[in-house]
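Reminder that position 158 of the sequence shown reads as 158 in the UniProt record's numbering, one-by-one numbering, no gaps.
For each residue, glycine too, the CB sits at the ideal point set by N, CA and C.
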Amino acid sequence: MLYKLHKIYDTLTKKERRIFIGALLLVIATSSLIGVRLFYTKTTVAPIEGGSYTEGVVGQPIYINPLIASGNDVDQDLIEIIFSNVLELAEQIKVSEDQKTWNIVLRREMLWSNGEPITSDDVIFTIETIQDPDTNSPLAASWQGVAVERLSEREIRLTLRSPFAFFESNLKNLKIIPQHIFSAIPNANFRLSDFNLEPVGSGPYVFVKYQKRKDGFITEYNLSVNPNYTGSAPLIQSFKFKFFSNFDEAIEAFNKREIDGLGGLDFVKLQNLKIPREVLEITMPRYYTIFLNSNANPALKRPEVREALSQATDRNGIIELVFENKALPIFGPIPSQTEGYAKDIYENEAFSLETAQKTLEAQGWEKNEETGIYERSIGGEVVKLDFEIIVPDIEFLTNTIEAIRTSWESIGIQITPVILEPAEITRSVLKTRNYQMILFGNILNDSPDVFSFWHSSERFFPGFNLSLYENRTLDTLLESVRGNIASTTRQKALREIQEIILKDRPAIFLYSPNYIYAMPKNLGEFNDTTLTKPSKRFEHVESWYRRTARVFK
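Below you can see the structure in the form of structure tokens.
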């Protein structure tokens with residue numbers, strides 16, 4: 001063919017040759033264009049395997065164990081990516097008509113990341129360990145009164161004493177641990193095990209190694225794809241966590257492209273990110289509160305004091321100052337975006353320093369002429385409105401308490417913040433309940449079940465009733481919310497719960513901030529605008545991708 005073209009070309013005049021070459025180039029260009037258009041018509045851009053991702057996290061891992069991890073977000077992040085919940089491991093779930101019997105059949109031939117089989121014995125061991133008081137599991141309250149029975153290597157039966165409206169949520173939050181690893185460890189010693197930092201799991205990624213400094217600070221956590229994962233294989237092949245002491249260090253690493261993702265930012269810190277990125281503003285059912293321990297200070301037993309503290313708290317001012325208005329004010333235990341929220345009962349809640357002073361003075365509180373602090377005689381002793389408050393060393397929380405201190409002290413209420421590392425609060429303060437006040441957060445997951453935060457049985461560790469609050473009527477209502485499958489009855493009980501807590505004021509509710517996540521522009525498949533808690537950003541991490549290619553449709 002080329003020979004014939006060459007012969008023809010030799011017979012052409014100079015002018016004809018120019019025309020011939022032009023026509024040939026036109027044919028080639030047209031054919032190429034048609035080929036390219038045909039290729040794009042018949043193919044589509046699709047994610048492919050490959051690439052790596054580095055998540056920046058402020059804080060330290062302590063217990064990467066779903067049975068004992070408490071309020072440490074770092075632990076929860078790693079647990080979400082390393083462990084699977086029982087619903088993810090289940091092939092079939094059968095529920096009886098009375099909602100009291102749940103039969104769970106596991107998938108076939110599942111393996112732990114170390115190659116050992118996953119069986120019903122692992123599920124039974126997990127539940128029974130949670131229920132054992134020696135474990136001190138924060139999940140214990142959710143599994144009270146649940147009997148577990150082995151039916152076969154793949155099937156278990158769960159029997160509830162009474163119907164539980166949020167039991168499916170319990171199953172979703174039940175991450176299974178390996179019996180063959182932990183059965184030889186006494187439950188009371190769970191927190192001493194090396195496997196809390198070197199976990200064996202069943203999630204999309206598997207622990208490889210971690211690095212730490214000479215002072216013991218863990219700097220890096222390396223994960224790879226779990227070849228035994230039961231779900232779709234993750235597309236990103238290497239996943240790494242880098243840990244920082246504070247957000248300034250994390251932001252510096254982000255700007256140097258040493259990390260790809262960074263969550264938990266506030267809007268002030270967000271402005272310090274200098275490189276191109278995507279930013280997600282995510283809403284979630286969480287809120288921050290000052291919990292009042294009336295057992296630790298007689299003034300906090302007084303209802304007028306608790307009411308005045310709330311009246312003297314400028315929630316909207318704090319939200320503007322700390323979050324640039326990217327948060328919602330909270331006045332009770334159920335956030336506005338959660339089922340059962342009763343907006344109308346909070347209509348009279350307002351910030352007023354003048355009203356706060358009148359509330360105190362009407363009950364005999366007077367300012368000391370020398371100190372300017374309110375005081376009065378209680379039980380023959382002079383009691384001052386002078387409090388100590390525990391605050392996690394997280395910038396938006398320390399900024400919050402400074403704003404509150406300015407407001408409270410302007411009318412004669414003194415507070416002294418004690419700033420501690422979040423890990424220290426988790427390890428010791430929450431265990432002992434040794435505080436007058438503590439600024440801390442609650443997360444409601446995907447239901448309005450606030451039992452763990454306010455039922456009297458949860459007053460002591462590992463429970464989350466951080467106010468050590470007791471109210472028998474409230475206890476009954478909290479129990480009824482769990483037991484009522486009917487939505488209308490549940491709504492009525494939720495309203496009464498909010499009314500009681502508003503009246504008793506065991507805590508000063510503050511705000512529900514958005515969760516801000518910065519990530520690279522080429523991260524695909526993560527675009528959530530709502531989450532139940534920060535760690536759930538990794539719920540579908542196996543679908544995330546960094547690379548794409550055109551593939552035939």
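Residue i vs residue j beta-carbon contact at 8 Å
i	j	result
Glu-542	Ser-232	yes
residue 558	Glu-153	Since the displayed the chain opens at 1 and closes at 553, residue 558 lies outside it and no answer follows.
Ile-275	Tyr-517	no
Pro-204	Pro-234	yes
Ile-64	Leu-309	no
Pro-335	Leu-444	yes
Gln-357	Ile-411	yes
Leu-139	Ile-118	no
residue 612	Ile-251	Since the first and last residues shown for the chain are 1 and 553, residue 612 lies out of range.
Tyr-545	Pro-47	yes
Gln-491	Gly-340	yes
Ala-403	Gly-317	yes
Ile-290	Met-437	yes
Local Cβ density within 10 Å of residue i, reported as buried at 16 or more and exposed below that
i	result
Thr-129	buried
Asp-266	buried
Asp-194	exposed
Thr-126	buried
Lys-536	buried
Gly-332	buried
Asp-260	buried
Ile-19	exposed
Glu-258	exposed
Glu-307	buried
Thr-33	Before going further, note that residue 33 is Leu rather than Thr in the sequence given. Exposed: under 16 other Cβ atoms inside 10 Å.
Minimum C-alpha distance to residue i - residue among the options
i	options	result
Thr-398	Trp-408, Pro-417, Gly-412, Gly-380	Pro-417
Ile-485	Phe-451, Pro-163, Ile-118, Glu-249	Pro-163
Ile-345	Phe-453, Ser-169, Lys-536, Ile-497	Ile-497
Val-206	Leu-223, Gly-216, Asn-471	Leu-223
Gly-483	Ala-296, Gly-56, Gln-144, Leu-89	Gln-144
Pro-66	Thr-119, Val-123, Gly-380	Val-123
Val-74	Ser-120, Ala-46, Thr-473, Phe-243	Phe-243
Lys-240	Leu-353, Asn-295, Val-57	Val-57
Ala-69	Arg-191, Val-305, Arg-150, Leu-25	Arg-191
Gly-463	Leu-430, Lys-492, Glu-479, Leu-474	Leu-430
Ile-394	Ala-46, Asp-248, Lys-492	Asp-248
Ser-113	Ile-81, Trp-102, Ser-137	Ile-81
Asn-471	Pro-448, Ile-501, Val-268	Ile-501
Ser-59	Leu-360, Phe-453, Asn-442, Glu-424	Here the sequence assigns Gly to residue 59, which means Ser is not the residue at that position. Nearest option by C-alpha distance: Glu-424.
Phe-323	Val-305, Leu-270, Pro-534, Glu-55	Leu-270
Ala-327	Ser-447, Pro-520, Pro-513	Pro-513
Rounded straight-line distance, which links the Cα of residue j to that of residue i
i	j	result
Tyr-515	Asn-465	24 Å
Gly-50	Arg-315	46 Å
Thr-476	Thr-488	17 Å
Ile-79	Tyr-435	29 Å
Val-86	Leu-174	6 Å
Ser-377	Pro-285	41 Å
Thr-406	Phe-396	16 Å
Ile-319	Arg-157	47 Å
Thr-313	Tyr-288	13 Å
Ser-428	Arg-213	23 Å
Glu-349	Glu-220	46 Å
Val-391	Leu-439	5 Å
Leu-478	Arg-547	48 Å
Leu-510	Arg-161	36 Å
Ile-401	Thr-44	52 Å
residue 629	Gln-131	The first residue shown for the chain is 1 and the last is 553, placing residue 629 beyond what the model contains.
Glu-503	Glu-388	Before going on, a small fix: residue 503 reads as Lys here, not Glu. Going by the C-alpha atoms only, they are around 24 Å apart.
Pro-186	Thr-530	39 Å
Leu-197	Gln-311	44 Å
Tyr-469	Leu-300	12 Å
Contact with chain C by residue i, beta-carbon distance below 8 Å
i	result
Glu-304	In summary, chain C is missing from the structure at hand, where a single protein chain is found.
Three-way DSSP call (helix, strand, coil) for residue i in this model
i	result
Val-200	coil
Asp-446	coil
Lys-212	strand
Pro-117	strand
Asn-222	strand
Leu-531	coil
Ser-410	coil
Phe-190	helix
Glu-282	The sequence shown places Ile at residue 282, not Glu. Residue state, collapsed to three classes: strand.
Asp-134	helix
Pro-76	For the sequence presented, residue 76 should be read as Gln rather than Pro. Gln-76 falls in the helix class under three-state DSSP.
Asn-399	helix
Gln-363	coil
Ala-69	coil
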